[in-house]
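Numbering (this note's numbering), first residue to last: 545 to 736.
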């Protein structure tokens, strides 16, 4: 995925009813900082949580976040040398939980946003991320594929996985838009 794709996806999400002004905080999952929606949402207090997070990139882009993941609707920031250096050995102003490094609680976020890079994630990771967020009231899950891929990198499989997820998710809908000049298809799962 290219860096400009995150801005393309954000514009599409807004056209489909996503309004960042409606949320005090926004949690973004699965993305790296350079490809993150958060770099375009800085004034809305986003938090990027991903196993792709590099703290140097978070600092470069001015994004708050952590190396971690979502499990059972809770933010998990595992004990690593990088996380120790980030949260234990330097003063950082954050809301602290007593049993972790200082990550916010899931309840502090008004929306959960995913921007899926079809070339990097596998279907199990996607399914688990959606499953762990499904009870969240404002869930937006977007992904981008090429209209005419030079090589099939699993885009069709990814679309199939999302259709299977949609069959299991009550009250959600899948919408999509084709942007011919960019050779892209944008997909979005959101609550009706």
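Backbone N, C-alpha and C define an ideal beta-carbon position, used for all residues, glycine too. Treat the numbers as computed from the prediction; the structure is a model and nothing was measured.
Give the secondary structure of residue 567 by DSSP, where H, G and I count as helix, E and B as strand, and everything else as coil. Coil at residue 567, not helix or strand.
Give the straight-line distance between the Cα atoms of residue 611 and residue 727, rounded to the nearest whole angstrom. Residue 611 and residue 727 have their C-alpha atoms spaced approximately 32 Å apart.
Does the beta-carbon distance from residue 551 to residue 589 come in below 7 Å? No, Cβ-Cβ distance for residue 551 and residue 589 is not below 7 Å.
Neighbourhood of residue 720 by C-beta, 8 Å cutoff - its chain only, sequence neighbours within 5 removed: Closer than 8 Å at Cβ, skipping near neighbours: 729, 730, 731, 732.
Across which residues does DSSP place residue 683 in a beta bridge pair? Its beta-bridge partners are 656.
What is the DSSP secondary structure of residue 576, reduced to helix, strand or coil? If DSSP states are grouped into helix, strand and coil, residue 576 belongs with coil.
Going by C-alpha distance, which of 690, 715, 734 is nearest residue 724? Here the closest residue by C-alpha is 690.
According to the neighbour-count rule (16 or more other Cβ atoms, all chains shown, within 10 Å of its Cβ), is residue 575 buried or exposed? Buried is the call here.
Following the continuous alpha helix (DSSP H) through residue 602, name the residue where it begins and the one where it ends. Residue range 599–605 is occupied by the alpha helix (DSSP H) that includes residue 602.
Residue 558 classed as buried or exposed, judged by whether at least 16 other C-beta atoms fall within 10 angstroms: Answer is exposed; the Cβ neighbour count stays below 16.
As a quick exercise: from 571, 573, 577, 595, pick the residue whose alpha carbon is nearest that of residue 548. The shortest C-alpha separation from residue 548 is found at 577.
Which one or two residues does DSSP pair with residue 722 in a beta bridge? BP columns for residue 722 point to 729.
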